[in-house]
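Novice: What follows is a single structure, and I will ask about it in a moment.
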Amino acid sequence: MTGSVDTAQVVAARVEQGELIGAREGDVAVFRGVPYARALRFSSPRPAEPWRRRSATEFSRAFVQSADPDSAEDALYANVWTPDTVASLPVLLYIHGGGWQVGAGSVPTFDGAHLAAAGGLVVVNFNYRLSGFGWGLHEDLADPETGLCANWGLQDQAAAIRWVAENIAAFGGDPGNITLCGTSAGGGTAWLLALRAEEMGIRRLISISAAHAAPPATSLTPEDSRRVYESIAAELGTSVAGLRDVPYAAFHTAWLAAFAGDPGSRRVLSGREYRGPIRDGVTMPEFAHVAPTPSIPVMSIHNSTEGSFFTDPLSPSFPPAPPVPVGEAQLVRAVRGVLGKLSADVPAGLAEKCVRAYRAAAEDEGLPSDPRTLWTEVWGDALFRNRIVRLAERHARLGTTPGYVMQFAHPVRAPHYGTPHDATSKFLFGTYSHPMNVAQFGDRPAERRVSTLFMAYVASFARDGVPRAVGAPQWPEFSASRPSTLILGGPAVARVDGVPKLRQLDFWREVP
């Protein structure tokens, strides 16, 4: 997509493929809809086609997703915000989340202008392939040039990193100082890509509310992936290789149908909650929880109530939240439903044991123990916080680089509650006051202070690997045995303490 801009605001940058015409907007220059790669369906990304002079003032379309009728397969584009096109500034490359199914760099929440200006950073985000177009595996879809047959979205992300390393100097960025950052699904794949930090040219990692992929909850097994592609091909009257040529809407509809409804009724047992990266031995050699810890400095962030994104009836989560449990029997059923996201076979009595463990921990710590709160805590810990904290502990124990842990705790406004999954992005990018966010997150001095500190810590970390902010506590390297978690948000605004609600996580040590 192209656009025009007042000539007084025009700013140019020359990348490998050709000249880009962007726009100066306030304190930053912005280049939108920049092709970083091109891809045929189920093929590895190729270098973008060259151009002579290209307008970069409008976002590209999002990649195919049901809620966006304007979305399209031609979507491998990046967006760049820079304070100074002739400087050599630290680079923050951001991977959006959305369960590997939705999202785009054009979402207003991820507008990089505030962070770029406040932090003195070049901020980049981008689109990548989603759902069955981006996250699957089948040998009949092997690329004739690369031989790769899986994780096309992960391949896109790697291509974006390479494009940034090769071209970011044209925007005033330092190609030798790239920090990779991502939230949720993007946080999980950022972690995987950071395992190849030296190869990719990544200097630091910021992983936020990471959805770490592993079957059966958040990744398909290779066997199940093959079965889904083969069954869809049969439904559409073609071969697996022939799926490259069917209308994209037909394939997308069939993919969504394969994972619709109750997980127990599906044709496969893995990918029960999300369909993310698949362990193929090449693009993803191993899952994060068994792979070596990253060899670069790591900032690991989670929210205080990750689960409230999914249990708040007013949340934008998809599918919508189930009814809030009332009473013990409903609570046990609700918790069993969460456990069912992690396993096709929930042992008898495990849900009751989970409720007892969480209630005892809450009561001992003086925390609420009503059904909604316990259900919310279980949901958030099961899918996010448990593995995030455990990986941070392992990095502190086995890693050779500094690790920093933050619990983001700034509460949302009533009738919303807690600090839900993905609350962080509104404050990292300073977009909490955007019309799509302000009703939930507010626009008061407290929000401005939290966002200012968040940006400062992140910008400092991206600059030299040490997170610091003026007028805020020194953030020590993480150790599970002493107070070293930065709690950002809440009455104290910023403080250092031990890992909150650590006892609740003890339950998961006993769960395979």
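If you read the sequence shown in UniProt numbering, its first letter stands for residue 1, the second for the next number, and so on.
Every residue, glycine too, gets a C-beta built ideally from N, C-alpha and C.
Just so you know, these numbers come straight off a predicted model, no measurement behind them.
Leaving aside the five residues before and after VAL332 along the sequence, list all residues of the same chain whose C-beta is less than 7 angstroms from its C-beta, in chain order.
Specialist: Indexing the sequence shown from 1 puts residue 332 at position 332. Taken in chain order, the residues that qualify are ALA351, GLU352 and VAL355.
Novice: Taking SER184 and HIS421 to be in contact with their CB atoms under 8 angstroms, please state how far apart those CB atoms are, rounded to whole angstroms.
Specialist: On the sequence shown, residue 184 is found 184 positions in, with the first residue counted as 1. On the sequence shown, residue 421 is found 421 positions in, with the first residue counted as 1. Going by Cβ atoms, the distance from SER184 to HIS421 rounds to 7 angstroms, so yes, they are a contact pair.
Novice: Let me know if TYR358 comes out buried or exposed under the rule of 16 or more other beta-carbons within 10 Å of its beta-carbon.
Specialist: The sequence position of residue 358 within the sequence shown is 358, counting from 1. That one is buried.
Novice: For the putative contact between ASP156 and PRO45, defined by C-beta atoms under 8 angstroms, what is the C-beta separation to the nearest angstrom?
Specialist: In the sequence shown, the residue the question calls residue 156 occupies position 156. In the sequence shown, the residue the question calls residue 45 occupies position 45. Yes, they are in contact, since the Cβ atoms of ASP156 and PRO45 sit about 5 angstroms apart, within 8 angstroms.
Novice: From SER308 to ALA334, what distance separates their C-alpha atoms?
Specialist: For this step, residue 308 is matched to residue 308 along the sequence shown. For this step, residue 334 is matched to residue 334 along the sequence shown. When rounded, the distance between both Cα atoms is 14 angstroms.
Novice: Considering only the beta carbon of each residue, do GLY380 and GLU306 sit closer than 7 angstroms?
Specialist: If you number the sequence shown from 1, residue 380 lands on position 380. If you number the sequence shown from 1, residue 306 lands on position 306. Contact flag set, yes.
Novice: Using only alpha-carbon positions, find the residue among PRO277, THR218, GLY182 and PRO35 that is nearest to ALA159.
Specialist: Position 159 of the sequence shown holds residue 159. The residue with the shortest Cα to Cα distance from ALA159 is PRO35.
Novice: Around the Cβ of TYR404, are there at least 16 other Cβ atoms within 10 angstroms (buried) or fewer (exposed)?
Specialist: Your numbering for residue 404 matches position 404 in the sequence shown. So TYR404 ends up on the buried side.
Novice: Between VAL86 and VAL124, which are expected to be in contact by the criterion C-beta below 8 angstroms, what is the C-beta distance as a whole number of angstroms?
Specialist: Position 86 of the sequence shown, counted from the start, is the residue given in the question as residue 86. Position 124 of the sequence shown, counted from the start, is the residue given in the question as residue 124. Not a contact, Cβ separation roughly 17 angstroms.
Novice: What are the boundary residues of the alpha helix (DSSP H) that ARG203 is part of?
Specialist: Taking the first residue of the sequence shown as 1, we reach residue 203 at position 203. Note, ARG203: premise wrong, no alpha helix (DSSP H); not H, not E.
Novice: Could you check how far apart the C-beta atoms of TRP100 and GLY132 are, in whole angstroms? I think they sit under 8 angstroms.
Specialist: As a working note, residue 100 is residue 100 in the sequence shown. As a working note, residue 132 is residue 132 in the sequence shown. Contact doesn't hold; Cβ gap of about 10 angstroms is too wide.
Novice: Is the number of C-beta pairs between the region 21-32 and the region 108-119 that are closer than 8 angstroms three or more?
Specialist: yes
Novice: Within the chosen definition, does the region 51-58 reach the region 11-18 through at least 3 CB pairs nearer than 8 angstroms?
Specialist: yes
Novice: If you draw a straight line from the C-alpha of GLU198 to the C-alpha of PRO371, how long is it?
Specialist: For the purposes of this step, residue 198 is taken as residue 198 along the sequence shown, with counting starting at 1. For the purposes of this step, residue 371 is taken as residue 371 along the sequence shown, with counting starting at 1. Each residue's Cα considered, the two are about 47 angstroms apart.
Novice: So, are the CB atoms of PRO292 and ARG204 less than 7 angstroms apart?
Specialist: As a position in the sequence shown, residue 292 is number 292, starting the count at 1. As a position in the sequence shown, residue 204 is number 204, starting the count at 1. The Cβ atoms of PRO292 and ARG204 do not sit closer than 7 angstroms to each other.
Novice: Three Cβ pairs or more, each shorter than 8 angstroms: is that satisfied between the region 452-462 and the region 420-437?
Specialist: Here the region 452-462 lies against the region 420-437, with 3 or more beta-carbon pairs under 8 angstroms apart.
Novice: Can you check whether the CB of SER300 is closer than 7 angstroms to the CB of ALA409?
Specialist: The residue given as residue 409 occupies position 409 in the sequence shown. The residue given as residue 300 occupies position 300 in the sequence shown. Going by C-beta atoms, ALA409 is not nearer than 7 angstroms to SER300.
Novice: Compute the distance between the beta-carbons of ASP312 and VAL268, then report whether it is under 7 angstroms.
Specialist: Walking along the sequence shown from the start, residue 312 turns up at place 312. Walking along the sequence shown from the start, residue 268 turns up at place 268. In this structure, VAL268 does not lie closer than 7 angstroms to ASP312 by Cβ.
Novice: In angstroms with no decimal places, state the Cα-to-Cα distance between SER219 and ASN127.
Specialist: Counting from one through the sequence shown, the residue named residue 219 turns up at place 219. Counting from one through the sequence shown, the residue named residue 127 turns up at place 127. Linking SER219 to ASN127 through their CA atoms gives a straight-line distance of about 20 angstroms.
Novice: Nearest chain B C-beta to SER460 closer than 7 angstroms, yes or no?
Specialist: In summary, chain B is missing from the structure at hand, where a single protein chain is found.
Novice: Quick check on LEU195: buried or exposed, where buried means 16 or more other Cβ atoms within 10 Å of its Cβ?
Specialist: The residue given as residue 195 occupies position 195 in the sequence shown. Counting Cβ neighbours within 10 Å, LEU195 comes out buried, since at least 16 surround it.
Novice: Count the other CB atoms within 10 Å of the CB of GLN407; is the residue buried (16 or more) or exposed (fewer)?
Specialist: As a first step, residue 407 must be located in the sequence shown, where it is residue number 407. GLN407 should be labelled buried.
Novice: Considering only the beta carbon of each residue, do SER270 and PRO216 sit closer than 7 angstroms?
Specialist: In the sequence shown, counting from the first residue as 1, residue 270 sits at position 270. In the sequence shown, counting from the first residue as 1, residue 216 sits at position 216. Going by C-beta atoms, SER270 is nearer than 7 angstroms to PRO216.
Novice: Opposite PRO35 in the DSSP bridges: which residues?
Specialist: Residue mapping note: residue 35 aligns to position 35 of the sequence shown, counting from 1. PRO35 is bridged to TYR77.
Novice: Look at the alpha carbon of ALA480 and the alpha carbon of ASP245, and state the distance between them as a whole number of angstroms.
Specialist: In the sequence shown, residue 480 corresponds to position 480, counting from 1. In the sequence shown, residue 245 corresponds to position 245, counting from 1. ALA480 and ASP245: Cα-Cα distance of roughly 52 angstroms.
Novice: Where SER295 and ARG387 are concerned, what is the direct C-alpha to C-alpha distance, given to the nearest angstrom?
Specialist: For the purposes of this step, residue 295 is identified with residue 295 of the sequence shown, where counting begins at 1. For the purposes of this step, residue 387 is identified with residue 387 of the sequence shown, where counting begins at 1. Straight-line measurement puts the Cα of ARG387 at about 19 angstroms from the Cα of SER295.
Novice: On the premise that VAL80 lies in contact with PHE31, defined as a C-beta separation below 8 angstroms, what is that separation, rounded to the nearest angstrom?
Specialist: The residue you call residue 31 lines up with position 31 of the sequence shown. The residue you call residue 80 lines up with position 80 of the sequence shown. Confirmed, Cβ separation roughly 4 angstroms.
Novice: Using CA coordinates, which residue listed in SER88, SER343 and LEU339 is at the minimum distance from PRO175?
Specialist: Stepping through the sequence shown from its first residue, residue 175 is reached at position 175. Relative to PRO175, the option among SER88, SER343 and LEU339 whose CA is nearest is SER88.
Novice: With DSSP as the reference, please indicate the residues paired to ASN127 in a beta bridge.
Specialist: Reading the sequence shown from its first residue, position 127 is the one you call residue 127. For ASN127, which the question treats as bridged, DSSP gives no partner whatsoever.
Novice: For the candidate residues GLY97, ASP70 and LEU40, whose alpha-carbon lies nearest to that of ASP143?
Specialist: The count along the sequence shown starts at 1 and reaches residue 143 at position 143. Checked all of GLY97, ASP70 and LEU40; the closest Cα to ASP143 is LEU40.
Novice: Sort HIS395, ARG227 and LEU121 by Cα distance to VAL290 and report the nearest one.
Specialist: By one-based count along the sequence shown, residue 290 stands at place 290. With distances taken between Cα atoms, VAL290 lies closest to HIS395.
Novice: With respect to the alpha helix (DSSP H) encompassing SER308, which residues constitute its N-terminal and C-terminal limits?
Specialist: Within the sequence shown, the letter at position 308 stands for residue 308. Where SER308 is concerned, the enclosing alpha helix (DSSP H) stretches over 308-311.
Novice: Classify MET1 as helix, strand or coil using the three-state DSSP reduction.
Specialist: For the purposes of this step, residue 1 is taken as residue 1 along the sequence shown, with counting starting at 1. Reliability of the predicted coordinates at MET1 is poor, the pLDDT of 39 falling under 50, and no value is obtained from them.
Novice: Measuring only the C-alpha atoms, how far is ASP497 from PRO263?
Specialist: If you number the sequence shown from 1, residue 497 lands on position 497. If you number the sequence shown from 1, residue 263 lands on position 263. Their Cα atoms are separated by approximately 39 angstroms.
Novice: Can you tell me the Cα-Cα spacing of ARG226 and ARG463, whole angstroms?
Specialist: Reading the sequence shown from its first residue, position 226 is the one you call residue 226. Reading the sequence shown from its first residue, position 463 is the one you call residue 463. For the pair ARG226 and ARG463, the Cα-to-Cα distance works out to about 43 angstroms.
Novice: Taking ALA439 as part of the alpha helix (DSSP H), name the residues at either end of that continuous run.
Specialist: As a working mapping, residue 439 is identified with position 439 in the sequence shown. Element bounds for ALA439: 438-441.
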